[in-house]
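S.K.: My questions all concern the structure below.
Residue numbers (our numbering): 1180 to 1459.
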């Protein structure tokens, strides 16, 4: 289980085109925990030109994990899972994925070593019972044929990769985000010129007032693989989004939309600020 900067399922010169995300945890489904990881992954995919096809949230259930992981790995170039890799009885992601891909579980020595080093100066761990230490060691019990990728020197938890495309992450958002960002050097990401351009136009007109025009526009640009979307702000107006690979063409269309809906092109920063303020 060595760390390798390769992607064997893709031919030389090819890059990741599609992705899926599997969010695992009863706490997501029962509302105890707000899932932030899928949104972060969606933004990561968009920014790097990967077409995120599917996000699923499932329970800590072996059969569900087995079925969903096999299905996603068969369909997409990159699959991530988050959650279920801790030391407790309901942390069954590693074991379930081992079953899904016909592997045994085995302890990973380097992960164990890094784990022990990370807690060396924490006295409470030295007082743990054998049962508690065994529970802690479960966090280094991986599917035997997995690749183990240490993506950050200050995080002992690795990204565990199966089938050369399924990457297993912790569910803690701060860890997930840092580890995903640092995984980039291990991924054959699309080149910059293959990544999409998005422009947004804001109008104070009602969404129903611009709907006929947008429907006609979408039909017109379908052959160019340009996507048009509209996203209303309650009683304030509408953001019209244009997404496509040809930046010049997207800008040309945005200027047309700007005129037709009596609006203005806005920056990503402005749109994001309104979203975060709760205006959406």
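Cβ atoms here follow ideal geometry from the backbone N, Cα and C, with glycine treated the same way.
(1) Does the Cβ of residue 1184 have 16 or more other Cβ atoms within 10 Å, making it buried, or fewer, making it exposed?
(2) Alpha carbon to alpha carbon, what distance is there between residue 1268 and residue 1289?
(3) Which term fits residue 1403, buried or exposed, when burial requires 16 or more other beta carbons within 10 angstroms of its beta carbon?
(4) Assuming contact is defined by CB atoms lying nearer than 8 Å, are residue 1423 and residue 1382 in contact in what I supplied?
(5) Rounded to whole angstroms, what's the CA-CA distance from residue 1182 to residue 1362? Just pull it up for me.
(6) Can you give the beta carbon distance from residue 1216 to residue 1261, rounded, assuming they're within the 8 Å contact cut?
(7) Taking all protein chains shown into account, do 16 or more other C-beta atoms lie within 10 angstroms of the C-beta of residue 1272, making it buried, or fewer, making it exposed?
(8) Rounded C-beta distance between residue 1328 and residue 1365? I'm assuming under 8 Å.
(9) Run through DSSP, which three-state label would residue 1348 get?
(10) Would you report the Cα separation of residue 1193 and residue 1341, rounded to the nearest angstrom?
(11) What residue range does the alpha helix (DSSP H) around residue 1379 cover?
(12) Take residue 1322 and list the residues in its own chain whose beta-carbon comes closer than 7 Å to its own, dropping the five residues that flank it on each side.
(13) Take the Cβ of residue 1239 as the centre, count every other Cβ of all protein chains shown within 10 Å, and call the residue buried at 16 or more, exposed below.
(14) If you draw a straight line from the alpha carbon of residue 1330 to that of residue 1373, how long is it in whole angstroms?
(15) Taking the beta carbon of residue 1292 as the centre, do at least 16 other beta carbons fall within 10 Å, making it buried, or is it exposed?
(16) Would the segment 1303–1316 count as touching the segment 1336–1355 if we require 3 or more Cβ pairs under 8 Å?
(17) Once DSSP output is grouped into helix, strand and coil, what is the label at residue 1415?
(18) Residue range of the alpha helix (DSSP H) that residue 1362 falls in?
(19) Just reading off the alpha helix (DSSP H) that residue 1302 is part of, what are its end residues?
(20) Leaving aside the five residues before and after residue 1298 along the sequence, list all residues of the same chain whose C-beta is less than 6 Å from its C-beta, in chain order.
M.R.: To lay it out plainly:
(1) Residue confidence is low: residue 1184 scores 46 on pLDDT, short of 50, so the model does not pin down where it sits. Its coordinate-derived value is still stated next. Residue 1184 should be labelled exposed.
(2) 23 Å
(3) exposed
(4) no
(5) Because the pLDDT of residue 1182 is 40, which lies under 50, any placement of that residue in the model is unreliable, and the number read from its coordinates should be weighed accordingly. Computed Cα separation, rounded: 12 Å.
(6) 5 Å
(7) buried
(8) 6 Å
(9) strand
(10) 19 Å
(11) Unbroken run through residue 1379 is the beta strand (DSSP E), 1376–1382; no alpha helix (DSSP H).
(12) 1273, 1276, 1277, 1280, 1282, 1284 and 1341
(13) buried
(14) 25 Å
(15) exposed
(16) no
(17) coil
(18) From DSSP, residue 1362 is part of no alpha helix (DSSP H); its letter is neither H nor E.
(19) 1302–1305
(20) 1304
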